[in-house]
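Residues in the sequence shown are numbered consecutively from 8, following this note's numbering.
Even for Gly, the Cβ is constructed at its ideal location relative to N, Cα and C.
This one's a predicted model, so the numbers in the text were calculated from it and none came from an experiment.
For reference, the structure is listed below as C-alpha cells.
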Amino acid sequence: MSKLLSSGWRVARWMSLFQLCATHLQGGIDKALDFPGAMADMARLGLAPPPVFATMVIALELGASFAILTGVLRWAGAATLALFALREALVVARFWELPPPQRLPAANVFFEHLGLVGGLLTAAWHDARERLASRRYQLSSTRSPTMRILPLLPALVLSLSVLASPAVAQTALPLPPIALAAQYDTAHAHVDPTAGALLSHPNAHTTPTPPQVAVAAQYDTTHVYVDPTDVDRFAKSFLATFGGQSSKQVLVQVTPTPSQTSSQLLQTPVGTISLFGFRTPVPYPFGIERTGYLVKDMDEAIQAARAAGADVLVAPFPDPIGRDAVIQWPGGVNMQLYWHTAAPNYTPFETVPENRVYVSPDRADAFMHAFLTFSHGKVVNDDAHAPGIEIGRAGESFRRIRIESDFGKMSVQVTDGKLSWPYGRELTGYEVSDLPATLAKATASGAKVLVQPYEASGRRSAMVLFPGGYIAEIHATTGN
8 MSKLLSSGWR
18 VARWMSLFQL
28 CATHLQGGID
38 KALDFPGAMA
48 DMARLGLAPP
58 PVFATMVIAL
68 ELGASFAILT
78 GVLRWAGAAT
88 LALFALREAL
98 VVARFWELPP
108 PQRLPAANVF
118 FEHLGLVGGL
128 LTAAWHDARE
138 RLASRRYQLS
148 STRSPTMRIL
158 PLLPALVLSL
168 SVLASPAVAQ
178 TALPLPPIAL
188 AAQYDTAHAH
198 VDPTAGALLS
208 HPNAHTTPTP
218 PQVAVAAQYD
228 TTHVYVDPTD
238 VDRFAKSFLA
248 TFGGQSSKQV
258 LVQVTPTPSQ
268 TSSQLLQTPV
278 GTISLFGFRT
288 PVPYPFGIER
298 TGYLVKDMDE
308 AIQAARAAGA
318 DVLVAPFPDP
328 IGRDAVIQWP
338 GGVNMQLYWH
348 TAAPNYTPFE
358 TVPENRVYVS
368 PDRADAFMHA
378 FLTFSHGKVV
388 NDDAHAPGIE
398 IGRAGESFRR
408 IRIESDFGKM
418 SVQVTDGKLS
428 WPYGRELTGY
438 EVSDLPATLA
448 KATASGAKVL
458 VQPYEASGRR
468 SAMVLFPGGY
478 IAEIHATTGN
C-alpha cells in the first residue's frame, strides 16, 4: 500500500510540474514549428536580430521545461522560467500605461504571470532544499553561510542576464503604488493589448490581440502635394507611366482648419495617389503625412495606434466624405488614417506598392515594434547587410527590413542619415513587370530618371522625378 501511495505521489508530482511548465512547452514547440512567426514576435517586441532571439527563446523554453520534468537541475530550470515569465509580464502586459477600458484585462494577464512566477520559484526552492538536504549535496555545518548559497549563484547570474535583455531594459518601469495591492486579483483573462501575442502563447486562440483595423492594400494611398499649376501635368505623367484613371477633380477643405485644395484620386494597377494642389497655405502638419491608410473604425484605430506607441498629431476630424486623423510613429514617421462614411470598393492592385520609410538605428526597433503591433504585420526580410547601392552608397551596407500587412508593403531603411539626394525623398516604391518600358513611358510624359537602373537584392530599380516634384522608386523583380 505504501509503495502504491508513493508511486501515486510521484505521478501526481510530475503531472503538477508538467502543468507548471506546460505554457512554456507549448510556446517553445509552437515557435519551433512556426519559426517565421516566432521571428515576427521578436520583431514586434523590438528584439533584433529576430532569428537569434527566436532561437534563444525556443532553446530557453524547451530546455528549462526539460530540466523541470526530468529533474536535471530542476531548480535552475524553474528559476529560469520564473524570470522569463516575469520578463513577459513587464514587456507585454504593461497595464499601467493603458487607458481604462484596456487596463483591467491587461492587469489580469500581468498578475497571472506573477502567479506563475511564484509557482516556478516555489518549485525551484523545494528542489534546491531537497538537494541541499541530501547526502550528496549536504554542506558541512562548519562552512560559512556564503558557501551554503554557492549552488544558487548560477541561477542568479542567469536571472540577471534575462532581466538585462534589450526589451526589458528599454521598457521596464516601476509599478505604480496601486499595483502592489492588486496581486490578489483572481480574475482570469488572456489578452495582449500592446504587443501582439504573449511569447509563451504565439498561436493561442484564447489570447485577443489589438483589433485589426486595416481594410486592404488597394485602399491605401500616397499623399502627393504639388503646386496648383503642376496638378494636371503630374496627373497626366503619372497615369501615362503606370496606366489607370483619375477621379473628378474637386475643390474641398481636407484639413480641420480653414484651407482650400484641389483633390483627386489617381488609381493605377500598381498604386494609388491622393493628389492635392493647395490654393491656400498648407496647415501644419499636413504635407508631411506621406500616406493615407483606410481603417474600419476611426475611434478603434486611434485607440489601437496609441496603445501600440503612436502619437496622435491631429485628432480625428470630419472631412467631406468621412473622418481623418494624423499619427506619428517612433522615429518621426507620419501617416494619415481615414474612414469613409460610405465604404469604397476598389479593384485590388496587380502589384502592391511599397511604403518606403527611413529611420535611424536609435529608433528602428521602436518603430518596428509599434507598427507591427498596430498593423498585425510580419517581417518578411530583415537584412542587416543590404547592398548600400539601394540608398546611394555603393560598396557599403545597411539594415533594410521589409514588412507586409493588410495595409500593404513597407520597406524600412535604417540609416545614419548621410544620404545623397534623392534618397529619403521617395515616398513609395512601385513594382512593374517591365522596367525599361515603364521608364520610357515616364520620360516620354515629362518625368526624369534621377537614378539609372541598377540591380540588387533580386530587383532592378530606378528613381524617377515626376512633374511637380514627386519622386518615386520603380522596380521590377529579376528572380535572382
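C-alpha distance - Val302 paired with Val233, whole-angstrom precision: Across the structure, Val302 and Val233 are spaced so that their CA atoms are roughly 26 Å apart.
Backbone secondary structure at Trp428 - three-state DSSP: Looking at Trp428 - three-state DSSP - the assignment turns out to be coil, as it is neither helix nor strand.
Touch test, the region 384-391 against the region 256-264, Cβ-Cβ under 8 Å, three pairs minimum: In short, these stretches do not touch, since the Cβ pair count stays below three.
Through-space distance from Gly250 to Ser452, alpha-carbon basis: One C-alpha to the other measures close to 12 Å.
Environment of Tyr291 [buried if 16+ CB atoms lie within 10 Å]: When all chains shown are included, Tyr291 counts as exposed.
Spatially closest choice to Gly476 from Ala19, Val319, Val238, by CA coordinates: For the residues Ala19, Val319, Val238, the minimum Cα distance to Gly476 belongs to Val238.
Beta strand (DSSP E) runs wholly inside the region 350-431, at least 3 long, in chain order: Counting whole runs of 3 or more residues, the region 350-431 contains the beta strand (DSSP E) stretches 361-366, 385-394, 404-412, 415-421.
Between the CA atoms of Tyr226 and Val321 - distance to the nearest angstrom: One alpha carbon belongs to Val321, the other to Tyr226, and they sit about 21 Å apart.
Which residues DSSP lists as bridging Glu119, in chain order: According to DSSP, residue pairing for Glu119 in a beta bridge does not occur.
Pair within 9 Å by beta-carbon distance, Ile398 and Leu442: Against a cut-off of 9 Å, the Cβ pair of Leu442 and Ile398 comes out as no contact.
Backbone CA spacing between Ala39 and Asn115 [nearest angstrom]: Distance from the CA atom of Ala39 to the CA atom of Asn115, rounded to whole angstroms, is 28 Å.
Chain-order list of residues whose beta-carbon lies under 8 Å from that of Thr450 (same chain, five-residue window excluded): Val456.
Cβ neighbours of Thr354 in the same chain (closer than 7 Å, five flanking residues each side left out): Within the same chain, Thr354 has close Cβ partners Gln225.
Opposing strand residues paired with Val467 [DSSP bridges]: The residue you asked about is not Val; residue 467 is Arg in the sequence shown. Per DSSP, Glu462, Ala483.
Reduced DSSP secondary structure (H/G/I, E/B, other) of Gly34: Here Gly34 sits in helix by DSSP.
Simplified DSSP state of Val321, which is helix, strand or coil: Looking at Val321 - three-state DSSP - the assignment turns out to be strand.
Burial state of Ser168, where buried means 16 or more other Cβ atoms lie within 10 Å: Here Ser168 scores only 45 on pLDDT, less than 50, and its place in the model is too uncertain to base an answer on.
Cβ pair count under 8 Å reaching 3, the region 412-419 against the region 363-383: Yes, the region 412-419 touches the region 363-383.
Helix, strand or coil at Ile478 according to DSSP, with G and I counted as helix: In the structure shown, Ile478 sits in a strand (DSSP, three-state: E or B).
Asp304, enclosing beta strand (DSSP E) - first and last residue: Taken as a continuous stretch (DSSP letters only), Asp304 belongs to no beta strand (DSSP E), as it is neither H nor E.
Where Val18 falls, given that 16 or more other Cβ within 10 Å makes a residue buried: Val18 is exposed by the Cβ-count criterion.
Three-state class that DSSP yields for Asp326 in the structure shown: Here DSSP, grouped into helix, strand and coil, assigns Asp326 to strand.
Nearest-angstrom Cα separation, counted from Val333 out to Ala371: Their backbone Cα atoms lie some 20 Å apart in a straight line.
Residue interval of the beta strand (DSSP E) (run including Phe283): It spans 278-285 - the beta strand (DSSP E) in which Phe283 sits, taken as one unbroken run.
Distance between Pro288 and Asp331 (C-alpha atoms, nearest Å): So the two alpha carbons sit approximately 19 Å from each other.
Cα-Cα separation, Thr236 to Pro263: Going by C-alpha positions, Thr236 is about 24 Å away from Pro263.
Leu272 versus Ala391 - alpha carbon distance: Inter-residue distance for Leu272 and Ala391 is about 37 Å (C-alpha atoms, whole angstroms).
Buried versus exposed call for Glu480 [16 or more other C-beta atoms within 10 Å across all chains shown]: So Glu480 ends up on the buried side.
Lys243, DSSP secondary structure in three states: DSSP places Lys243 in helix when its eight states are reduced to three.
For Glu438, three-class secondary structure by DSSP: Of the three classes helix, strand and coil, the one that applies to Glu438 here is strand, per DSSP.
Where the alpha helix (DSSP H) through Val220 begins and ends: Val220 -> no alpha helix (DSSP H), and no H or E assigned at all.
Anticipated Cβ contact below 8 Å, Ala469 with Pro460, distance rounded: Confirmed, Cβ separation roughly 5 Å.
Thr344, enclosing beta strand (DSSP E) - first and last residue: Per the sequence shown, residue 344 should be read as Leu rather than Thr. Here the beta strand (DSSP E) through Leu344 covers 340-347.
Neighbourhood of Ala393 by C-beta distance below 7 Å, restricted to the same chain and skipping five residues each side: Around Ala393, the same chain offers Ser404, Phe405, Arg406, Arg407, Ser464 as residues with beta carbons nearer than 7 Å, after the five sequence neighbours per side are excluded.
Assumed close pair Phe283, Thr298 - CB separation to whole angstroms, cut-off 8 Å: About 13 Å; that fails the 8 Å criterion.
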